[in-house]
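Residue numbers (our numbering): 192 to 673. Each remark here refers to the structure printed beneath this line.
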């Protein structure tokens with residue numbers, strides 16, 4: 192279903208001058224697209240397209256629109272906020288901090304939305320020490336958030352305060368401190384605390400999800416528990432595992448769910464997803480690469496399906512927190528999603544991690560033919576240039592032979608993976624072949640180094656893609672899955 196953006200003129204067109212503000216009726220098709228096809232299914236590419244088309248108009252004409260159509264502006268302000276949440280991984284830091292400080296509550300209306308998953312994707316574009324600094328800024332933004340998330344108040348000391356994000360976090364910090372909290376303390380606070388005892392189940396889940404997000408911000412990205420990248424590997428018995436946040440996960444259940452999803456899609460039970468199309472023009476003229484053919488951008492799918500991820504079995508005991516839950520919001524906002532099942536903790540008879548320490552794995556993982564610092568600088572450069580040239584990353588990959596610095600090629604791969612567009616139209620095997628062609632053939636990397644990049648890309652894309660490459664504990668090397 193194509194977006195109706197061709198009916199709306201850009202912010203610098205004559206239709207948005209002082210003489211003329213577009214009538215609200217012209218936005219009806221776009222509003223329907225947003226509510227029916229983009230927001231419920233978290234279509235990041237379509238969200239980016241809508242934001243690119245509409246934000247300049249609404250921000251550039253805010254006062255005039257509010258004066259003439261106040262209800263219309265309020266409706267679209269709410270839609271744009273939800274689109275920013277969906278596009279969190281590709282948003283600027285200023286936008287993310289604004290969402291955390293002023294719009295935390297709104298994301299609960301998005302079905303199956305996981306703010307931490309989106310935020311982790313954003314963190315992958317930062318150096319570890321920069322990630323920690325960003326986490327601190329996000330924590331401070333949440334502590335300033337005055338949105339009410341529970342109808343019941345919060346007793347702080349002897350004074351009852353409003354049930355705001357800020358007050359809940361302050362109470363949590365007063366009772367449990369500001370250091371990392373283990374899962375027992377966390378569960379006790381959620382279920383037996385003076386302030387949570389009288390909450391409805393819906394409000395308790397809201398508080399739980401907020402505090403889960405807040406807890407994750409406490410871990411340094413340089414630590415095994417706070418490391419955002421997931422490292423796949425095979426254990427001694429040949430079983431496929433994921434090392435993530437200081438724990439080892441068995442992904443067998445995920446594979447079975449993915450097989451069931453594919454069967455449901457192929458049989459027509461859950462609908463189909465058409466190939467994306469685009470009406471967006473490509474901008475050329477970058478000094479990084481010569482102009483090339485326009486790269487494809489995505490469209491809204493007609494009948495996408497949102498399937499909750501199955502619970503992961505915890506194989507190795509580490510400090511953990513409640514599962515990533517999706518919670519309804521009280522009062523006026525209607526929640527559409529169920530709460531995923533609680534994860535089952537299993538005590539392993541013996542450690543399943545390889546004898547090589549997580550620190551050794553991380554050191555090997557970050558040893559690449561290019562500098563990590565240089566990689567992050569090039570990513571930042573592409574993001575900056577993309578303001579004027581939205582398709583720059585795609586252009587780089589379409590003209591690799593003309594790129595002056597090969598680090599730009601790797602940066603473009605990671606940027607498109609973070610936007611979930613690199614895998615469009617490609618199966619995991621096809622994407623693996625493409626990555627190996629680019630990295631090993633075009634850039635002359637060895638297979639182990641290209642596999643390390645495959646792990647990064649797989650971690651961003653999730654699902655079957657995260658199994659494209661893995662860490663082989665038997666030989667201590669990263670490898671592609673054959």
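In this text, a Cβ means the ideal position worked out from N, Cα and C, and glycines have one as well.
Only counting the same chain, and skipping five residues up and downstream in sequence, which positions put a Cβ closer than 7 Å to that of residue 636? 560, 630
Nonlocal neighbours in the same chain, by C-beta distance under 6 Å from residue 417, ignoring five residues either side: 410, 411
Could you spell out where the beta strand (DSSP E) holding residue 661 opens and where it closes? 660-663 is the extent of the beta strand (DSSP E) around residue 661.
Inter-stretch contact at 8 Å, needing at least 3 Cβ pairs: the region 653-663 / the region 562-579: Segments in contact, no.
Using 7 Å as the threshold, is the C-beta distance between residue 263 and residue 215 below it? yes
For residue 353, collect the residues of the same chain with a Cβ closer than 7 Å to its Cβ; drop the 5 residues on either side in sequence, then sort them by chain order. 339, 344
Quick one: what does DSSP say residue 587 is sitting in, helix, strand or coil? helix
Secondary structure, alpha helix (DSSP H): runs of 4+ residues fully inside the region 204-256: 219-224, 235-251
Take every Cβ of the region 401-410, pair it with every Cβ of the region 302-313, and state whether three or more of those distances are shorter than 8 Å. yes
Could you check if residue 673 is buried or exposed, using at least 16 other CB atoms within 10 Å of its CB as the buried criterion? exposed
Tell me whether the region 257-276 and the region 228-242 touch, counting them as touching only if at least three CB pairs, one residue from each stretch, are closer than 8 Å. yes
Just checking my contact of residue 423 with residue 232 at CB under 8 Å: how many whole Å lie between their CB atoms? Not a contact, Cβ separation roughly 27 Å.
Are the Cβ atoms of residue 328 and residue 408 separated by less than 7 Å? no
Taking just the CA atoms, how far does residue 572 sit from residue 242? Roughly 21 Å between the two C-alpha positions.
To the nearest angstrom, how far is the alpha carbon of residue 293 from that of residue 337? 7 Å
Which one of 370, 305, 614, 366 has the shortest CA to CA distance from residue 348? Nearest C-alpha to residue 348: 366.
Nearest-angstrom Cβ-Cβ length linking residue 588 and residue 601, presumed shorter than 8 Å: With a Cβ gap of about 10 Å, residue 588 and residue 601 do not count as contacting.
Nearest CA to the CA of residue 556: which residue from 306, 319, 332, 625? 319
Assess, as a yes-or-no matter, whether the region 616-629 is touched by the region 575-586 under the definition of 3 or more beta carbon pairs within less than 8 Å. Contact between the region 575-586 and the region 616-629 is absent, because fewer than three Cβ pairs lie under 8 Å.
Starting from the Cα of residue 634, find the closest Cα among 596, 441, 605, 612 and give me that residue. 596
If I follow the unbroken alpha helix (DSSP H) through residue 266, where does it start and stop? Run containing residue 266: 261-277, per the alpha helix (DSSP H) assignment.
Residue 297 lies in the alpha helix (DSSP H); which residues open and close that run? Unbroken run through residue 297: none, as it is neither H nor E.
Nearest neighbour of residue 639, chosen from 326, 670, 296 [CA to CA]: 670
With DSSP as the reference, label residue 292 as helix, strand or coil. helix
Residue 226, buried or exposed, once every other Cβ within 10 Å from all chains shown has been counted against 16: exposed
With a threshold of 16 other CB atoms inside 10 Å of the CB of residue 269, please say whether the residue is buried or exposed. Exposed, by the Cβ-count rule.
Note down the Cα distance separating residue 300 from residue 278, rounded to an integer number of angstroms. 15 Å
Note down the Cα distance separating residue 664 from residue 394, rounded to an integer number of angstroms. 44 Å
Proximity test, Cβ basis, 7 Å: residue 364 and chain D: The chain labelled as chain D is not found in the depicted structure, where only one protein chain is given.
Own chain partners of residue 291 with C-beta closer than 8 Å, once the 5 adjacent residues on each side are dropped: 329, 332, 333, 336
Considering only residues of the same chain and omitting the five flanking positions on each side of residue 284, which have a CB-CB separation below 8 Å? 325, 328
What residue range does the beta strand (DSSP E) around residue 352 cover? DSSP places residue 352 inside the beta strand (DSSP E), whose first and last residues are 350-352.
Between which two residues does the beta strand (DSSP E) harbouring residue 325 extend? In the DSSP assignment, residue 325 falls outside any beta strand (DSSP E) and lies within the alpha helix (DSSP H) extending over 319-334.
According to DSSP, which residues form a beta bridge with residue 432? For residue 432, DSSP records a beta bridge to 424, 441.
Along the chain, where does the beta strand (DSSP E) that runs through residue 399 open and close? In the DSSP annotation of this structure, residue 399 is not part of any beta strand (DSSP E); the continuous alpha helix (DSSP H) holding it starts and ends at 392-407.
First through last residue of the alpha helix (DSSP H) which encompasses residue 359: Start and end: 356-367.
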